[in-house]
Amino acid sequence: MSGPLVVVDALARSFAGVPAVREVSFTVGAGEIHALCGHNGAGKSTVVRMLSGQLAPDAGRIVLDGEAADLRSRQVAQRLGVALVDQELSVVPALTVLENMTLGDIDAPLVTRRRAAVRRCRELLDEMGLDRLRPGQLVATLSMGERQLVEIAKALSQRARVVILDEPTATLSEAESRRVFAAVRRVAARGCAVIFVSHRLPEVLELCDTVTVLRDGRRVVTAPAADLTVDRLIVHMLGETPHRLETSRRPDPDLTHALRIEHLRVPGRLADFTLTARAGRIYALAGQLGSGASDVLRALAGLHARATGSVQLRDRAVAFRSPVGAARAGIAFVSNDRKGEGLFLDKPVAGNLVATRLDRLGRGPLVAAGRERRTARSLAELAGLPPDRLADPVLTLSGGNQQKVFVGRSLGRPDVHVLLLDEPTRGVDIGGRAAIHRLLRDAAEAGLVVVFASTELEELLELGDVILTMRDGRVVDTYPGGADGAVLMRDMTEGKDAA
Amino acid sequence: MRAAIRQERLVPAAALLLVVVAFVLTPLGTGSPLTTFDVYNALQGFAQIGLLALAVGLTMIAGEFDLSVVGTYAVGGMIAVQAGQSSAVLGLLVAVAVGAAVGAVQGALIAWLRVPSVPVTLAAYIALLGLAYAISGGLSVTFTNRDATLWVDQTVAGVFSPRSLLTLAAFVLVAVVLGGTRLGAELRAIGGDRRASRVAGVRVERKLVLLFTTSGTLAALGGALLSFSFASANPDPGLRPLLIAAVAALLGGASLAGGRGTATGLLAGALSVALLAQIVAVAYLPDYSTQLFYAALLAVVVAIDSPGLRRALERVRARTRPVEA
Amino acid sequence: GGGSSGAGTAAGGGGTQGKTIAFVGYGDASPWGAAYNKTFKAELASSGVKINDLTSMDAGTQVQNFNQAVSQKPSLIVAALWDTTATVVPIQKAKQAGVPVLIVDGRPDPAVQDDVMSVLSDNVKLGEFAAQNIVEGLKAQGRESGKVIVLSGTKAMLVTQDRMSGFGKVMATAAQYQVIEDQDTNWDPTASGKVAQQLFAKHGCDGIQAAYGMADYMALPIVQAAKQAGCRVGGTDGLVVTGGNCFKAGIAAIKTGEMYGTATEDPVTIAKQTASYVTRYFKGENPPKSELVKEDRVTKATVAQFEEQCSQA
Amino acid sequence: MMSLLTAPPAAAVRARRARPGRLAVALAVLVVVLLPVAVTTERFLTLGNARAILASAALVGITAIGATLVMIAGSAVSMAASQTATVVAMVFLATLDRGLTVATLLALLTGVVVTAVQGLAVGYWEANPIVLTIAAGFAIGGGAIWFSGGTPVSAAAGGYEILNATPLGLPLAVYVLLVLAVLAEWILRRTTAGRQLYLVGENRAAARAAGLPVGRVTVVAWAFFGLCLAVTGVFLASFNTSATTNLAGTLTLDAIAAVLVGGTAIAGGKGSALRTLGGALLISVISDVLLLRGYETGVQILVKGLLVLAVVVLVHLRGRR
Ligand SMILES: Nc1ncnc2c1ncn2[C@@H]1O[C@H](COP(=O)(O)OP(=O)(O)OP(=O)(O)O)[C@@H](O)[C@H]1O
Ligand SMILES: Nc1ncnc2c1ncn2[C@@H]1O[C@H](COP(=O)(O)OP(=O)(O)OP(=O)(O)O)[C@@H](O)[C@H]1O
Ligand SMILES: [Mg+2]
Ligand SMILES: [Mg+2]
């Protein structure tokens, strides 16, 4: 084997006349782990989709092992040895773990040989640290992280020459990510070319051999990871250094505006949670998946019907077992599932911005069109959205801007007193992230109680006035103002006992 | 969550058990013992709707709904009779070929143009109904091939007939194919999450065309066998066969949301519905009581399958027992 | 047993006591069926005959139920047929099993005509009556010529075919009146209303002088459609409408002059006659193998006489 | 200031959209094909025929308008429409002896309650609407026979004739259809509940998580549908002057066909009552042309089905991104 295993040569692709990828070229050698970095909408996934046979390039070519490859479909790509973990979670909840492992696999025999398949599945699960799962278990019963791990295990198990992972770790905990890295390294050591896409820059630098940075569909640089630092990567991605947020910490002493949560419980998920959250401050729930952090938010938002306990806002009891009750009490929720539980993707940006306040936009049961337009426009301005996109479907916005719409929807509402956000910047690039953090900071300053959950250390430290670490459905510790990242990480992953 | 896996087996098992028990207990009400003929006749009823239920059920598993099967059923019966006057086998083959073609065309529209199946199959149903009318002049057509009529319904081993055996065979064949090959999982994957199946490498389009071709074939076969048995073909069977097939598929553990169901479940569903009709006949219950039974059974299916109802119950439970360790 | 008249020989004679009838009629969801079933059961209630209800609403279930009836070996099967050809084999099976069969309402398939007893509506006659109503009505208006539309019941049924043959026979005797449309509206009142609307648009009020709706509930929508299209109905120069299967609303329309006439085939009369036939048969009185119910033509002149009879359904 | 800044890109966006889509072309083709056939059909272009087209679209149209709201709200279709309309007609006729107003109100109440109850289950329990309405159809149909014994219901008294009036030559039902279509469109576009219908229909989980009153909005849609069904039932009753169990015939599927031909998405979130009106009229025109051209019943239905198929595919191609 002489030349590189994968040659991407002047690949280009546009959507509706707007270029998403412009003449991108790079190569990946056998055994190399090659990162693709870039801010949201830079074109990473578009490159990935062309490489994996989901999307036809407008121009350019892909050469695999010295031969020009026409990747017409996923099947063709698989036959040529390209395995994929898509950016979107792509396991089917209606199937078992085992069935998912072999679904669409061109090497799977037409007639199922069950015993052998179960054995192989077992091995793969163990390798991923998923020894608690049974091959016959429905994926619907798995947590999001477990599902992601199943998908990764599947891709890594295929007899592939090229393995592409598009943001595989976005929903994973630190510990889970480690296992994935180990597996990726094993696959690379076997002689595979690995293409790895992630927004988590430290992990990129740790895992990968080479990094290609994309910006606005163009390749900016390709360099050995050893020659890069996080800061230099960011400069490449954005073309400038982002300014860090300075945080103001002025607590509102007025406890009458507080959100009082007492003994909040969700059977099987949240053991006991008590917190008095004051207006004007941002509370950060630090916890990996399954820690209960996101369950606190979901319970408060009325999405856990089995939640018990007592919740008071401004000295009034909150009917928190239904979303309507929570909303009526003044609680707004931004889910971590933007597509499924967040935006109305086919509706225009303006319609999404006003979706939750239609009842306040007119007299009685009517919606006043003029008021609606004005509200949408001022919200777009507030959220930093391009005003010329107000009439476009949200679907056509980049991930970062979609998230701004999602957050912006709950801003400037006199009836909202509490803002709950689950992973407020999931899959959002650094620029978009800073903008969203600014929005949340402003919201707190305006007198809202802000509570968010996150798995990202940086975000927790940057945004949280009070940080609560959580693990196994309980609060591990509370850090009012400033905390050490290492301490947080230890709390989240090991709890107090290890201390 | 876990209920999902159990449900596709629990519902058909419970439905069948319930109906079988009721069937066995009918002598208590009527005073006359059950005979093998009662079982034979129930299986005849099963033969009448079984293939239709299988066709509808399969499309449901893949997250689609084929309304046109009842049109294909009518056209299939009509063609089998008209083309089969001299040779029943020929008639059967022509009918099945037409059914397959009709299904394939719809499948192609649904798969390649990605039009949802309800609009397409509704329109196709109307057109097929018209076709059945047009080729028969709106009249029932008599099947003069007496041998075939007698053959399909002759008693085999006391309780079976060639017709019910063919229907059973179709179920077994589908069960083997779905259970023993990748096809079963792929069908459920398509119904469960189409995008993910595509990303995983399932050839969704081809599978959909295959699926609708199969449902067209099964429906036409069902219609043909029925016409042979009746010695006549009726251009307009009405919507009832479709609704009963849907009831059978739903009792068989399939769900309109897709991704759920097995061939054995569908078999149990179809048998339940057929037995229920037989109970109504044996116990001399009024005809409309079948409708009320279907309504009651479907109400249970609806209740089991309603996430909001489950949540409401949980909410009540959480409120009545607020603090627990 | 006597029963020399019937096809079966086993059950006739010996009185009504202890006899069972398997009743494979139309289900109660059909209004005609409901009235028939009620009367038939009531008539035999005191006779000691046990009636096993196997009525149903569609051909498929009916075949099942017919076979079920045969297997139970009742003294007699009484059946009203949805699909005449589909019941050929079941009737033959009944014959083989020695179970006598009595067909009511529409005639059975000619292939098994000789294997059964029957009490039949006179559908040919009913068709003739309808045509007579139209011819008489048009003549009364002094018309030299006229165009007629027919909205029929399901063409696939012998009942419809028989009525059309009677209708055609009489219309042929009045060549000045011409049938210009004959549409199958499937015993569906909505469909017949809709088609009527379109036919009035197609031919205009001047283009249609008379209409035959095969049942009153199909003729009344024609009246409404004509009125909504701005056409005159009844009177000296309006549309002449005739119905069939007389019932209450039809009688009312005849009284107001909106319908010229109708014909009987009311379920009560035939149900009573069937009950009497059954009784005679069980008592060994050897009723004729096939009886026709006497049908009547109903017009304004005779409406009072049939009002009671037609208001049961 | 703002508009100055944004004008050019907005125009660009609009220009991008204004390109004739595949559908515009396809619909144009359809019109080009249909129009000559229609206008060369004898008596097609007459007042009487226009009246017939409107009149024959009226009852299916009224039901379809209601079904549009239900479909937009993401509740797909109801398989119990014809049974509900029939029962309403029976209630109306049976209570006419208490006066037209009382009978009408009772009939409307019946339709609204029977249908809104299903809406409750769909809205609050997230019951599958198709399964639920198949069950409801069986229950209503079977129950009606059980209670009535199958006897047809005749008008208990007169007074309904006014509903068959034809002001300005058009049946009253046509006016009611137009009023209901405009009312529905207004509800959909201008009221909070209407706007929320689209949101609930497009993404129910998102609407729920956002605290929108998903259940209430769904019930509103179904109640309106029930009202439309009831109106259909009342007109059916007065048109036929008596109600048998098959009174509403093929109403269920006819209404669904009209909604789909009008381009409402079966999955919810998109659609319009006025376009449903168009769909009902288009189907009516097609049937009318075929009848006027003298095709036999079978060919009429066959061609109608094929044209509905063509329209459904065309409409869908446009809706696709
Ligand atoms: N199917 C599509 N139709 C139209 N535009 C698209 C489509 N897919 C992607 N785009 C656009 O192409 C650009 C590149 O998107 P891509 O998904 O490749 O970005 P990315 O770098 O993967 O971003 P992220 O980090 O958010 O995943 C974006 O502007 C996006 O909106
Ligand atoms: N699905 C789509 N259909 C049509 N056009 C699209 C679609 N997605 C993106 N585009 C177009 O591609 C262009 C680039 O999209 P992108 O989402 O990167 O814009 P952006 O708002 O600058 O992103 P970001 O805020 O992440 O930098 C946009 O102007 C948009 O019109
Ligand atoms: Mg961008
Ligand atoms: Mg991406």
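As they're listed, the protein sequences go chains A, B, C and D. Quick note, the first sequence lines up with residues 1 to 499 if you use our numbering. Quick note, the second sequence lines up with residues 500 to 824 if you use our numbering. Quick note, the third sequence lines up with residues 825 to 1137 if you use our numbering. Quick note, the fourth sequence lines up with residues 1138 to 1458 if you use our numbering. Note that beta-carbon positions come from the ideal geometry of N, C-alpha and C, so glycine has one too.
Proximity of SER1193 (chain D) to chain C, defined by a Cβ-Cβ separation below 8 Å, is satisfied. Look at PHE15 (chain A): its beta carbon is less than 7 Å from one of the heavy atoms in ligand 1. Closer than 7 Å to some heavy atom of ligand 1: that describes the Cβ of GLN87 (chain A). By the Cβ criterion, the segment 1277 to 1290 of chain D is not in contact with the segment 806 to 816 of chain B, since fewer than three pairs of Cβ atoms, one from each stretch, lie closer than 8 Å.
Considered as a whole, the segment 255 to 303 of chain A harbours 293 to 300 as its complete alpha helix (DSSP H) runs of no fewer than 4 residues, in chain order. The straight-line gap separating the alpha-carbon atoms of GLY1442 (chain D) and ARG22 (chain A) is approximately 47 Å. A direct Cα-to-Cα measurement between LEU51 (chain A) and GLN1333 (chain D) gives close to 41 Å. By the C-beta density criterion, GLN790 (chain B) is buried, having at least 16 other C-beta atoms within 10 angstroms. Using beta-carbon distances, ASP1012 (chain C) counts as an interface residue toward chain D, with a partner under 8 Å. Between the C-alpha atoms of VAL1319 (chain D) and VAL1357 (chain D) there is a straight-line separation of about 17 Å.
From the listed residues A:GLY38, A:PRO93 and A:LEU313, the smallest Cα separation to GLY400 (chain A) is found for A:GLY38. Between ligand 1 and GLY721 (chain B), a heavy atom-to-CB distance of less than 7 Å is absent. If you draw a 10 Å sphere on the C-beta of ASP131 (chain A), you find fewer than 16 other C-beta atoms in it, and that means exposed. Within 9 Å of the CB of ALA301 (chain A), the CB atoms of chain D belong to ALA1346 and GLY1348, in sequence order along the chain. When the five nearest sequence neighbours on each side are left out, the beta carbons in the same chain lying within less than 7 Å of the beta carbon of ILE1282 (chain D) are those of THR1382, in order along the chain. Beta-bridge analysis with DSSP links LEU64 (chain A) to A:VAL6 and A:GLU67. Residues ALA1244, THR1247, GLY1248, ALA1367 and GLY1370 of the same chain have their beta carbon placed closer than 6 Å to that of VAL1225 (chain D), with the five preceding and five following residues left out of the count. For SER90 (chain A), the nearest beta carbon of chain B is closer than 8 Å to its own beta carbon. Within 7 Å of the CB of LEU1390 (chain D), the CB atoms of chain B belong to LEU621, in sequence order along the chain.
For SER696 (chain B), the nearest beta carbon of chain A is closer than 8 Å to its own beta carbon.
Excluding the 5 residues flanking it on each side, GLY570 (chain B) has same chain C-beta neighbours closer than 6 Å at TYR624, LEU627 and LEU628, in chain order. Per the DSSP secondary-structure output, GLY1085 (chain C) pairs in a beta bridge with C:THR1066 and C:THR1123.
In this structure, ASP429 (chain A) has its CB closer than 7 Å to one or more heavy atoms of ligand 1. For VAL923 (chain C) and ALA955 (chain C), the gap between their C-alpha atoms comes out near 39 Å. For LYS339 (chain A), the Cβ stays outside the 7 Å cut-off from all heavy atoms of ligand 1. DSSP places ILE1423 (chain D) in the uninterrupted alpha helix (DSSP H) bounded by 1410 to 1429.
Annotation: PRO1350 (chain D) to VAL1337 (chain D) spans about 9 Å, alpha carbon to alpha carbon. Residues of the segment 909 to 921 of chain C with a Cβ closer than 7 Å to any Cβ of chain B, in chain order: THR909, ALA910, VAL912 and VAL913. Your pair LEU724 (chain B) and ALA514 (chain B) does not check out as a contact, with CB atoms roughly 24 Å apart and the cut at 8 Å.
If the five residues before and after GLY1331 (chain D) are omitted, its C-beta is found closer than 6 Å to the C-beta atoms of ILE1324 and LEU1325, all from its own chain and listed in chain order. Relative to ligand 1, even the nearest heavy atom lies 7 Å or more away from the CB of THR222 (chain A). The beta carbon of PRO924 (chain C) sits no closer than 8 Å to any beta carbon of chain D. Inter-residue distance for VAL943 (chain C) and LEU738 (chain B) is about 31 Å (C-alpha atoms, whole angstroms).
DSSP places PHE1181 (chain D) in the coil class of the three-state scheme, outside both helix and strand. Per DSSP, the continuous alpha helix (DSSP H) segment holding GLN956 (chain C) begins and ends at 947 to 964. Looking at D:GLY1405, D:GLY1399 and D:ARG1412, the one whose alpha-carbon comes closest to that of ALA1447 (chain D) is D:GLY1399.
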